[in-house]
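S.K.: I'd like to ask you about the structure that follows.
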Amino acid sequence: MSAPLRLAGKVAIVVGAGTPADGTSNGAACAIAFARAGARVLCADLSPDAAQETVRRIAAEGGEAGAVVADVRSAAQLQAMVDTALQRHGRIDILHNNVGIEAFGDLLELTEASWDRVHEINLRGAMLAARAAMPHMIRQGGGSIINMSSIASRKWSPMQFLSYSTSKAALNHMTRVVARQYAPQQVRCNAIVAGLIDTPHAAALYADAEAAARGRAQRDARCPMGRQGSPWDIANAALFLACDESAYVTGIELVVDGGVSLG
Ligand SMILES: NC(=O)c1ccc[n+]([C@@H]2O[C@H](COP(=O)([O-])OP(=O)(O)OC[C@H]3O[C@@H](n4cnc5c(N)ncnc54)[C@H](O)[C@@H]3O)[C@@H](O)[C@H]2O)c1
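So this is what it looks like as structure tokens:
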């Protein structure tokens, strides 16, 4: 007897579901994993082509997905994204906030503009998306919000990304506060605290392909398991937080880092 799919009948929105280059980003892996588990997935992204590519990959596997353009800097676009999910599917069970950017700079190097931009996208964007989806999750009697965080939220990192670290730390605390506030309505909110993940985005932080290959080897060497995480490691964690197997889990930081933060 085959088990029912873990997300059968559920509707998921993945914000930042595209992959900006060849390969698979964290957001795309989560969207694909949700679809493989039976969810109908709305792939939201700043880039229409990137969103559409993830939809194409899901459809090629026989899954159900659609694309919508949304910039997390725009409350109106995030509201339209939620409205689109409701018009197409009548419900929203999962909101996965994947979008996150970084800007180089320690305290003495960063600019006020880059600080504001990083917090606007990483923190305010997740707040706006959750705020737009929350009334519908409450009305439905529950839902799961997943915020994509990083171990940089908890410790110093050799990469000088002060604004990134603080935006993710605030995201962790927003996750806890939202989780406690809406627990009576059965809306759960959890964070994935990712370690070093081998994504096209990580590769793009280096000047050229040679530097990226060197950087990749260095990142692998920093990890106790001898390898970085893959986007599928993130997707497996997201799948757990999205489905009813985690029905009594809320407000946590699920660390997916292969032990890299243990020292
Ligand atoms: N790769 C790592 O090592 C690592 C480690 C820890 C945490 N993370 C987190 O993972 C998440 C990103 O992972 P990814 O691989 O999917 O990244 P990614 O850079 O590939 O981005 C995914 C998508 O987000 C979209 N996007 C960018 N800005 C947007 C905006 N303003 N509005 C809407 N969409 C926007 C891009 O178009 C892209 O398609 C981030 O939250 C990041 O902080 C990554």
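Numbered per my numbering, the sequence shown spans residues 1 to 263.
For glycine and all other residues, C-beta sits at the position ideal for the given N, C-alpha and C.
Fair warning: this is a prediction, and the values are worked out from it, not measured in the lab.
Determine whether the beta carbon atoms of Asp93 and Ala8 lie at a separation below 8 Å.
M.R.: Walking along the sequence shown from the start, residue 93 turns up at place 93. Walking along the sequence shown from the start, residue 8 turns up at place 8. No.
S.K.: Is Asp116 a contact residue of ligand 1, with contact defined as CB to any heavy atom under 7 Å?
M.R.: The sequence position of residue 116 within the sequence shown is 116, counting from 1. No, since every heavy atom of ligand 1 falls outside the 7 Å radius drawn around the Cβ of Asp116.
S.K.: Around the Cβ of Tyr248, are there at least 16 other Cβ atoms within 10 angstroms (buried) or fewer (exposed)?
M.R.: Walking along the sequence shown from the start, residue 248 turns up at place 248. Exposed.
S.K.: In chain order, what residues of the same chain have a beta carbon less than 6 Å from the beta carbon of Ile252, not counting five sequence neighbours either side?
M.R.: For the purposes of this step, residue 252 is taken as residue 252 along the sequence shown, with counting starting at 1. The answer, listed in chain order, is Asn190.
S.K.: Which of helix, strand or coil does DSSP assign to Ser167?
M.R.: Mapped onto the sequence shown, residue 167 falls at position 167. In the structure shown, Ser167 sits in a helix (DSSP, three-state: H, G or I).
S.K.: Return yes when the C-beta of Ala202 is under 7 Å from any heavy atom of ligand 1, and no when it is not.
M.R.: Reading the sequence shown from its first residue, position 202 is the one you call residue 202. It does: the Cβ of Ala202 is within 7 Å (strictly closer) of some heavy atom of ligand 1.
S.K.: So what does DSSP say about Gly27, is it helix, strand or coil?
M.R.: Within the sequence shown, the letter at position 27 stands for residue 27. In the structure shown, Gly27 sits in a helix (DSSP, three-state: H, G or I).
S.K.: Should His201 go down as buried or exposed, given a rule of 16 or more other Cβ atoms within 10 Å for buried?
M.R.: Along the sequence shown, one-based indexing puts residue 201 at 201. The residue is buried, with at least 16 neighbouring Cβ atoms inside 10 Å.
S.K.: For Val177, does the count of other Cβ atoms within 10 angstroms reach 16, so buried, or fall short, so exposed?
M.R.: Your numbering for residue 177 matches position 177 in the sequence shown. That one is exposed.
S.K.: Quick test of your reading: Ile55 and Gly66, contact by CB under 8 Å. State the CB separation rounded to the nearest angstrom.
M.R.: Locating residue 55 in the sequence shown gives position 55, counting from the first residue. Locating residue 66 in the sequence shown gives position 66, counting from the first residue. With the sequence shown as reference, residue 55 is identified as Val, and Ile is not the correct amino acid for it. Their Cβ separation, rounded to whole angstroms, is 6 Å, which keeps Val55 and Gly66 in contact under 8 Å.
S.K.: Can you tell me where the alpha helix (DSSP H) holding Ala247 begins and where it ends?
M.R.: For the purposes of this step, residue 247 is taken as residue 247 along the sequence shown, with counting starting at 1. Here Ala247 belongs to no alpha helix (DSSP H), and DSSP marks it neither H nor E.
S.K.: Quick check on the DSSP output: the beta strand (DSSP E) that includes Glu253 runs from which residue to which?
M.R.: Here residue 253 is taken as the residue at index 253 of the sequence shown, counted from 1. Where Glu253 is concerned, the enclosing beta strand (DSSP E) stretches over 253-256.
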